[in-house]
Amino acid sequence: MIYEHKTIQINGIDIEPGSSATLNLNLYQLPTKTIIEIPVYIYRSKKPGPVLLLLAGMHGDEINGIEIVRQLISREDVRNPICGSIIAIPVINIIAFLSGTRDLPDGRDLNRCFPGKKNGSLGGRIAYDLMNKIFPQIDFGIDFHTGGAKINNFPQLRCVFNNETNLELGKKFSPTFILNSPFREKTLRNEAAKKGKSILVFEGGESSRFDYVSISEGMNGCLRLMKHLKMIELNLPKNPTILLNRSTWVRARTSGLFHTSKINGSRILKDEIIGMICDPYGEHEEKLISPTDGYILGINNQAVINQGDALMHIGIE
Ligand SMILES: [Zn+2]
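According to my numbering, the sequence shown holds residues 815 to 1131 in order.
Structure below.
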């Protein structure tokens, strides 16, 4: 693939090949007149190559992704790529990050605000700025996420299997699992694909707490991809990758206390007992049965659960 090696221009600032820059995506005013800045870090080689976006903190409490990007851009080899360019946005949803919440103060999910509006809500404006200032500059990107509240995700990559570039890049990341995840309306991935940009989504760990296995898997995957793109010189062992065509959630049939001894990422068989729901009075126990052969991609860590709660996410080959 031949990459253009043009000047990157953001907010009227020219960032030439061989230089680096830190700038703000835009200035966003809060009700207190406080101005929120969203820093963007750019590292460019003199040698032509791909422009890779590293994006985290779309959901403010998903801090594993933020830590992955922090560790990546702390590295000398990432800051000085052999070819191409890195555009890193470690915390895109700074407002939610500051309040320790997933979503924006108006309750909006930033990842449902795309493609955004110039004069829209806060989420719409951030989405608009990403789509119009950053996306025209990049070739590919990785969007780092973490499981929802109390759900711990085994480190995994989400790709669209019927998009060849997307899946090929995913395989170079070499995670343990790649889950086929069709596009969803109004998400960054969907709108990026409409512009011909391939975005991989990494998921790992649980919101609001560090998961060091997920952090190192996310970082190593990114370094493997950068090595494949000839941006860095580093050899890391590859995981044997399992492709999962679809997934299903096992939900609680009754409310109660949820126990499982299953380990995230492990293989399970159809009709296997994968957990137990008990009432608090020692009178009733119900077995949680796997509906399918598969791999555990996420486990709900809540002890007290309600009927219908999602307890285990199972990926199916
Ligand atoms: Zn997320």
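Using N, Cα and C, we set each Cβ at its ideal position, and we do this for glycine too.
On a predicted model such as this, the values are computed, not experimentally measured, just so you know.
When the Cα of residue i is compared with those of the options, which residue comes out closest?
i	options	result
I900	E830, C973 and D1093	E830
G1108	S833, A902, E1097 and W1063	W1063
T979	A1007, A963, T960 and F991	A1007
M945	T1001, I909 and V974	T1001
L1058	Y842, I877, Y1095 and I992	I992
I1077	I1128, V1118, S1069 and L1039	I1128
H779	V865, T846, F958 and I827	This structure cannot settle anything about residue 779, because the visible part of the chain is limited to 815 through 1131.
F1072	D1093, S1061 and I1056	D1093
L896	I822, Q1116, L1037 and G934	Looking at the sequence shown, residue 896 is not Leu but Ile. It is L1037.
M1090	K847, L1083, G1079 and S1104	S1104
K861	M872, D828, L1083 and G898	G898
L1125	S1069, T821, D1085 and I827	S1069
S1030	M815, H1098 and R884	R884
Going by the beta-carbon positions, is the gap between residue i and residue j smaller than 7 Å?
i	j	result
P904	I880	yes
I908	I852	yes
A902	L868	yes
Y817	S834	no
L841	V854	no
E1020	G961	yes
S859	F954	no
I952	L1014	no
F1024	F958	no
I822	G871	no
G874	T915	yes
L985	L1039	Reading the sequence as shown, one finds Lys at residue 985 and not Leu. Against a cut-off of 7 Å, the Cβ pair of L1039 and K985 comes out as no contact.
What residue range does the alpha helix (DSSP H) around residue i cover?
i	result
M1040	Y1026 to H1042
T979	E978 to F987
Taking residue i and residue j to be in contact with their CB atoms under 8 Å, please state how far apart those CB atoms are, rounded to whole angstroms.
i	j	result
K931	I824	Incorrect: roughly 19 Å between the Cβ atoms, too far for contact.
G1122	A1066	6 Å
I1046	D891	5 Å
K964	N1120	The pair is not a contact, with the Cβ atoms about 12 Å apart (cut-off 8 Å).
L924	L918	6 Å
P950	G1018	29 Å between Cβ atoms; not a contact.
P989	N1053	6 Å
G761	L1050	Residue numbering for the chain in the displayed model covers 815 to 1131; residue 761 lies beyond these limits and cannot be assessed.
N878	S1028	5 Å
Along the chain, where does the beta strand (DSSP E) containing residue i start, and where does it finish?
i	result
R858	I849 to R858
R1067	Premise fails: R1067 is in no beta strand (DSSP E) and is neither H nor E.
L837	S834 to Q843
L1002	Careful: L1002 lies outside any beta strand (DSSP E), inside the alpha helix (DSSP H) at L1002 to K1008.
D828	I827 to I829
K1101	E1099 to I1103
Quick check: is any heavy atom of ligand 3 less than 6 Å from the C-beta of residue i?
i	result
E876	Looking at this structure, you won't find ligand 3 anywhere; what it does contain is ligand 1.
Any alpha helix (DSSP H) of 4 or more consecutive residues that is wholly inside the region 860-907: 877-887 and 890-893
Any beta strand (DSSP E) of 3 or more consecutive residues that is wholly inside the region 924-965: Entirely contained in the region 924-965, the beta strand (DSSP E) runs reaching 3 residues are, in chain order, 954-961.
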